Amino acid sequence: MDAPRSVDETELIMRELLDRTDGSPAPTAATLCLPRLVNAGLLIVLERESKRISAHRTLARQVIGCNQSQVDPSFMTLAMKYDEARRFTGPFEQPAHHLAEGANKAGACLIFKFGTPDEARAALTLIGEAFRLLQLAQGAEHPYEYNICIGVGLQEADRNGYVFCPCNKEIFKARAHRERRLHFSITQTSEQPMGLESIRRVGISMMTPWSGFETGEGHYWLDIVSTEWLGSKALTLVVQWPLDLNFDAAKNDEVVMLNVVLDTNFVGLAQPLRLTTGLKIRVTKATDRIWLQGKKEAQTQAFSVKLNMSKLPRPPFIPDYRCNSLYRSNLTAAKSEEDLSADPGNGEQSDNEADDEDGTAEADPSATDLVLVSGRGSVDQNMNDTQLTRWTSVIAKWDASSRKTINALARGGVPDRLRPQVWLRLAGVADSDLELSYPLLLKQESRAHEAIKWDLDRTFPGHERFRDKEGEGQKQLYRINSAYSVYDEEIGYVQGLSFITAVLLLHLPEESAFVLYVKMMQDYGLRDLYMTGFENLHLRLHQLDRLLLEALPDLYAHMKELRVETHMYASQWFLTLFATKFSLPLVYRIFDFFLAEGFQTIFQISLALLKASRKELLASTFEEIMAYFRTELPRRFQSEAEARRLISMANGIKVGARKLAKLEQEYLEQKAAEALAQDPVQVLTTENNRLQEENVKLQQELEVMSQKLVETQTQMQMKIEASEDALNSQLKEYENLSKASHEAKRNIELDSRNLEEEVRLVKELYRTTLAKTDEEKMALQKKLDEVQAQLQVKQRHLNEAEERVQTLEARVAAHSDDADSVELHARIQALELQLAEAKLQSVEKDCEIERLQNVTGERPSSKDTSASGGSGSKFRAPRLSMFGGKKNNAASSS
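Taking the numbering used here, the leading residue of the sequence shown gets -1, the next gets one more, and so forth.
If you want it as structure tokens, here you go:
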């Protein structure tokens, strides 16, 4: 059709098809499958021929329009490019209606009849969702790269139900013999739709032996209690801890190290993808109380899952496949050591690969396990009586014991508690004076400062001592490597040397570790590996290659056929003494063997590893071999039992000094022959080209450094200008503050002077007032004395008058009938009046005295008070009434 996007034209064609009565063309039963992945194509399955027809192009290149019919809502039209439509068989090979001669066949229209309008509407919605995914992926470099964050919390049963255990420094604190659960919070942080479909199963494996539970690759699979989706990009998962895997209380704060694996179903993956995270638990007594509750996401780890398209979508044919059914594309998942991301695949299709009928085939767990983190593993500290007796005797008589006896004991393994003194004695540095120069070397500046710093975080991240960036372990690593780079300026520091020093630091004090490190570099041949552009390392790799040919010729031929070179897997074995990949129990045993026997032990250990892995390597491809060396081989020798078995196997492999010397001579002759075989002109040309390339590189580096210098100068100039502006602003602010400070100081001084003047005036006024008050007090006191004297006189007169009254009363009583009684009564009345006047004057004097005392602030003495009170008590109203009564009686009698 000319206009496949035209709704009118498609509706016209549909009406013509519905109006036909001859039944031509006959419809074909088909299944429409829509992609749920970007860059995937449309799939139409023709059920009549039981044949699937998949498009090898993306959805955007196939479909150019889609509509639901208005004539019959159960119809849907799918406009496609004409060339794409011709790929389908049956009725789609011919146009649905007659096209004019010479018409532009730019497109074609496929018409689908669904059972109900709702199904047609659902198909239309799914096509729109597919295009939305395609738009989200446009511009994305890796559309199948998912960033997943997993938070882990540990719960245990308590009186109030399950509570979260506290976590300090990535170590959970749990109590013994309790029911436990693991709580996972899984979130996708990348922008594309959720790639994680579901969690298939969760398991744990022991990294350290604990209470009878052995380490190894077996997993304890846990029961999933609940799964809850929180939106479209997050879910929570709760799993039950197995009851038979319960721990006793730890001794000496030991830590249980576990690996937690989550087998996940990702969109587009037919097999589950395994995500692994570490877990550490310190078990305390069951009676301990947890004072601080933990968190749901006490420990988090980020994963970057990058999926690559390995072949084109080929889903199995399912007869009842509906329009709203979605299919998975077969993808491959791979991971690097850092972030689980893989290099892009070749995108080739495997035609003879069988389809997975249910999409749930079991994946190889080893293909998706994480790389074993270096620095993991624990060593048994216990010694049996036989070991203790033998080593105690040898150490006590070290000089008298034969080297053969000592080496035989060392090959059997040195007890971990005795390793510090045994290692120093094996290397012959027990009484070295090099420790005295160590502090002096630390005072000098190292040229390899940045290289050493860069390597610290990658050294034994699985060990607590070196995990903390600011911890003492990393500081000791830096000091030892810095001191050696000053001590041996020709070698300085090379990446990977910190692994050797880390192993030594786990057993020796810092100074002793430095001395033994120098001894190993100088006398054990490690230093030669780094000389003259690693030329000696190439020699050692050649020797290992030839030894492999003699010991395992079939494995040698297989690796040569796959182009697996020795340096691809063995370089780190020589440079770091196997410390970068393997667990600590095996590394310690290798150091025992190395310090006792010398450099040839590296060949013996390498051949033993290859011999133990012979069957697996012979059955593997190039990629599988490299993955095996990176992940499976270190995991295979985690336990001490496997380490003992490997050392025993290595001890049985004989690598003599004559054999190594012969292979060295062969290597040198081969190099000399290669040099002679070259044309001198060609040699000079090659050397010239090499120098020119180096010159170009140096020029480029110079340009880059010049550019960086200019940028740095510009940045520094900008920083200087900004600093000057800030300084000027601060100076202005300082000046303003200084002025304000001086002004405030002047105001304070003025206020101080004013206050001093006011204080002086107040003091002067106080002194004047006090002097005046003293004068008034003295005058009042004088007046008070006079009044008191007058009061005493009045009191005396009063007493005399009272006596006279009593005398007269007696006389009146004696001469009541005399003629003089009238006169006596008159005299008594006069005396009573005088007595009343005297009493009144006495009361007035008392009031005056009280007033003066209140003014002067003094109180009358008890004597004065009793005197005045006593006198007053004799002349109160009762006394006066008595006189009055007698007066009346006298009057009446008269």
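For each residue, glycine too, the CB sits at the ideal point set by N, CA and C. Predicted model, so just to flag it, every value in this text is computed and none were measured.
Asked	Found
Output the boundary residues of the alpha helix (DSSP H) element that contains Met557.	Pro551 to Leu560
Just to confirm before moving on: does the CB-CB distance between Ser569 and Pro632 stay below 8 Å?	no
Which runs of the alpha helix (DSSP H) spanning at least 4 residues fall entirely within the segment 368 to 434, listed in chain order?	383 to 394, 401 to 409 and 417 to 425
For His217, which of helix, strand or coil comes out of DSSP?	coil
Using DSSP bridges, identify the partner residues of Asn933.	It is not possible to answer for residue 933, since the shown part of the chain is limited to -1 through 892.
What is the DSSP secondary structure of Asn145, reduced to helix, strand or coil?	strand
Can you tell which of Ala268, Arg272 and Gly375 has its C-alpha closest to the C-alpha of His217?	Arg272
According to DSSP, Ile109 sits in a beta bridge with which residue or residues?	Thr75
Measure the C-alpha to C-alpha separation of Glu47 and Ile146 and round it to an integer number of angstroms.	Residue placement at Glu47 is poorly supported in this model, since its pLDDT is 48, which falls under 50; the coordinates still yield a value, given next. If you take the alpha carbons of Glu47 and Ile146, they lie about 43 Å apart.
Taking only the alpha-carbon atoms, compute the straight-line gap between Leu124 and Cys64 and give it to the nearest angstrom.	11 Å
Does the beta-carbon distance from Arg587 to Ala641 come in below 8 Å?	yes
Which first and last residues belong to the alpha helix (DSSP H) in which Phe589 is found?	Leu582 to Glu595
Quick one: Cα of Ile109 to Cα of Asp116, how far?	16 Å
Which whole-angstrom value describes the C-beta separation of Phe589 and Val501, a residue pair presumed to lie in contact below a C-beta threshold of 8 Å?	6 Å
What's the call for His740, buried or exposed, on a 16-neighbour Cβ count within 10 Å?	exposed
From Ile450 to Gln520, what does the alpha carbon distance come to, in whole angstroms?	20 Å
Quick check on Cys845: does DSSP put it in helix, strand or coil?	helix
Within the same chain, show all residues whose beta-carbon is closer than 6 Å to that of Trp396, passing over the 5 residues directly before and after it, in chain order.	Arg423
Checking 8 Å against the spacing of the C-beta atoms, do Ala549 and Leu615 come in under that value?	no
Taking 8 Å as the threshold (C-beta atoms), are Leu194 and Thr275 in contact?	no
Identify whether Asn158 lies in helix, strand or coil by the three-state DSSP scheme.	coil
So what's Cys321 in DSSP terms, helix, strand or just coil?	Confidence at Cys321 is low in this model, with a pLDDT of 31, below 50, so the placement of that residue should be treated as unreliable; the coordinate-derived value is given next. Coil at Cys321, not helix or strand.
With distance defined between alpha-carbon atoms, name the residue in Arg849, Val5, Leu822 and Leu122 nearest to Lys775.	Arg849
Quick one: grab the DSSP three-state call for Leu152.	strand
Please report the straight-line C-alpha distance between Gln474 and Val513, rounded to a whole angstrom.	14 Å
Whose CA, out of Leu76, Thr29, Phe112 and Asp221, lies closest to the CA of Asp70?	Phe112
What do you reckon, are the CB atoms on Leu833 and Glu800 nearer than 8 Å?	yes
What does DSSP give as the partner residues of Gly63 in its beta bridges?	Ala77
According to DSSP, simplified to helix, strand and coil, what is Leu575?	coil
Taking Phe170 as part of the beta strand (DSSP E), name the residues at either end of that continuous run.	Ile169 to Arg173
Which one or two residues does DSSP pair with Glu226 in a beta bridge?	Thr234
Please state whether DSSP places Lys898 in a helix, a strand or coil.	Any property of residue 898 remains undetermined from this structure, which presents the chain solely from -1 to 892.
So, helix, strand or coil for Phe601, using DSSP?	helix
Please classify Ser480: does DSSP put it in a helix, a strand, or coil?	helix
For the beta strand (DSSP E) containing Val281, name the first residue and the last one.	Leu271 to Thr282
What three-state label does DSSP hand Lys304 in the structure shown?	strand
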